[in-house]
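Accompanying notes for the structure given below.
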Amino acid sequence: NAGVTQTPKFRVLKTGQSMTLLCAQDMNHEYMYWYRQDPGMGLRLIHYSVGEGTTAKGEVPDGYNVSRLKKQNFLLGLESAAPSQTSVYFCASSSLAGGSSGANVLTFGAGSRLTVL
Amino acid sequence: KNQVEQSPQSLIILEGKNCTLQCNYTVSPFSNLRWYKQDTGRGPVSLTIMTFSENTKSNGRYTATLDADTKQSSLHITASQLSDSASYICVVFHNTNAGKSTFGDGTTLTVKP
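Next up, the structure:
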């Protein structure tokens with residue numbers, strides 16, 4: 118089982134360029150999330166999806182767009198990259214909402230390191 | 006404001022020693038709390054999950070406690086190993102269906118030989 122796979126692992130952009138990060142999960146999970154992690158700060162939720170065809174804003178959505186056309190894929194797009202978007206991006210998925218009690222667990226990808234010059 | 010505060014920010018211990026990491030939260034309504042381990046350059050991996058009614062849960066050498074009244078949790082690591090060197094993140098999940106959660110900034114643990 119691959120779990121959650123993120124591509125690319127590393128990317129360097131110039132200010133104003135656009136790019137898309139791809140997250141793929143093979144666990145048939147309903148929920149998918151995109152986070153960013155900056156030094157000295159906890160993971161912050163950018164956008165999330167509760168099912169195919171749905172997306173919702175998280176804590177820090179500005180400057181990002183997402184799409185969930187297929188259940189197994191969750192794409193994060195940067196239309197016009199800015200240096201403030203230099204970060205490590207993590208995708209995660211879960212079988213149920215993270216707020217439900219029980220054994221559901223967020224499964225994270227290995228991360229995508231993005232540098233915007 | 007929903008917050009999760011972890012302490013200490015960093016910790017260095019010798020191999021074989023025990024240590025305890027703290028997590029205080031103000032998240033409401035509360036659903037459950039999880040501790041994650043994040044190795045350098047990797048994504049976080051779940052260690053334990055604590056629901057409102059649980060006080061203690063163990064996973065090998067890791068033991069998590071939860072006091073829902075004082076809104077505090079701790080992660081105790083017994084007989085530390087070099088492979089325990091990582092960042093330990095406390096995550097509190099809100100009692101909603103939208104998967105909302107608040108992450109702590111993490112405690113960086115370094116285990117030295």
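Quick note, the sequences are listed as chains A and B, same order.
This note's numbering puts the first residue of the first sequence at 118, with every later residue one more than the last.
This note's numbering puts the first residue of the second sequence at 6, with every later residue one more than the last.
From the three backbone atoms N, C-alpha and C, an ideal C-beta is built for every residue, glycine too.
Computed from a prediction, not measured in an experiment: that's the story for all the values here.
**OP:** Name the two residues that bound the continuous beta strand (DSSP E) containing A:M144.
**Re:** As a working mapping, residue 144 of chain A is identified with position 27 in the first sequence. Judged by DSSP secondary structure, A:M144 falls outside any beta strand (DSSP E); it is assigned neither H nor E.
**OP:** Determine the closest residue to A:G180 out of A:H164, A:S211, A:G157, with distance taken between C-alpha atoms.
**Re:** Numbered from 1 along the first sequence, position 63 holds the residue referred to as residue 180 of chain A. Checking every option, the nearest Cα to that of A:G180 belongs to A:H164.
Subject >> Within chain B, the residues that A:G170 reaches when beta carbons sit closer than 9 Å >> reply: One-based indexing of the first sequence puts residue 170 of chain A at position 53. Chain B residues near A:G170: none, gap ~16 Å exceeds 9 Å.
Original post:
List, in order along the chain, the chain B residues whose C-beta lies closer than 9 Å to that of A:A227?
Top reply: Looking up residue 227 of chain A in the first sequence gives position 110. Ordered by position in chain B, the residues that pass the 9 Å Cβ test against A:A227 are G46, R47, G48.
Original post:
Just curious, the beta strand (DSSP E) that B:E10 is in, first and last residue?
Top reply: Locating residue 10 of chain B in the second sequence gives position 5, counting from the first residue. That run of the beta strand (DSSP E) goes 9-12.
**OP:** List the residues of chain B that A:L231 touches, going by C-beta distances under 9 Å, in chain order.
**Re:** For the purposes of this step, residue 231 of chain A is taken as residue 114 along the first sequence, with counting starting at 1. The contacting residues do not exist; A:L231 stays about 14 Å from chain B at best.
Subject >> Assigned secondary structure, B:L87 (DSSP; H/G/I helix, E/B strand, else coil) >> reply: Taking the first residue of the second sequence as 1, we reach residue 87 of chain B at position 82. If DSSP states are grouped into helix, strand and coil, B:L87 belongs with the helices.
Original post:
Does any C-beta atom of chain B lie closer than 8 Å to the C-beta of A:S218?
Top reply: Along the first sequence, one-based indexing puts residue 218 of chain A at 101. With a pLDDT of 49 at A:S218, under the threshold of 50, the predicted position of this residue should be treated as unreliable, though the coordinate-derived value follows. Yes, A:S218 lies at the interface with chain B (some Cβ there is under 8 Å from its Cβ).
Original post:
Which whole-angstrom value is the C-beta distance of B:S135 and B:L38, which I expect to be below 8 Å?
Top reply: A query on residue 135 of chain B cannot be resolved here, the shown segment of chain B reaching from 6 to 118 and no further.
Original post:
Are the C-beta of B:I94 and some C-beta of chain A separated by less than 8 Å?
Top reply: Working through the second sequence from its first residue, we reach residue 94 of chain B at position 89. Residue contact check for B:I94 against chain A: a CB pair falls below 8 Å.
Subject >> Check whether B:A91 and B:Q43 have beta carbons under 8 Å apart >> reply: As a first step, residue 91 of chain B must be located in the second sequence, where it is residue number 86. As a first step, residue 43 of chain B must be located in the second sequence, where it is residue number 38. Yes, the Cβ-Cβ distance between B:A91 and B:Q43 is below 8 Å.
Original post:
By Cβ distance, which residues of its chain are closer than 6 Å to B:H81, with the 5 residues on each side in sequence left out?
Top reply: On the second sequence, residue 81 of chain B is found 76 positions in, with the first residue counted as 1. For B:H81, where only same-chain residues beyond five positions count, the Cβ hits under 6 Å are T25, T68.
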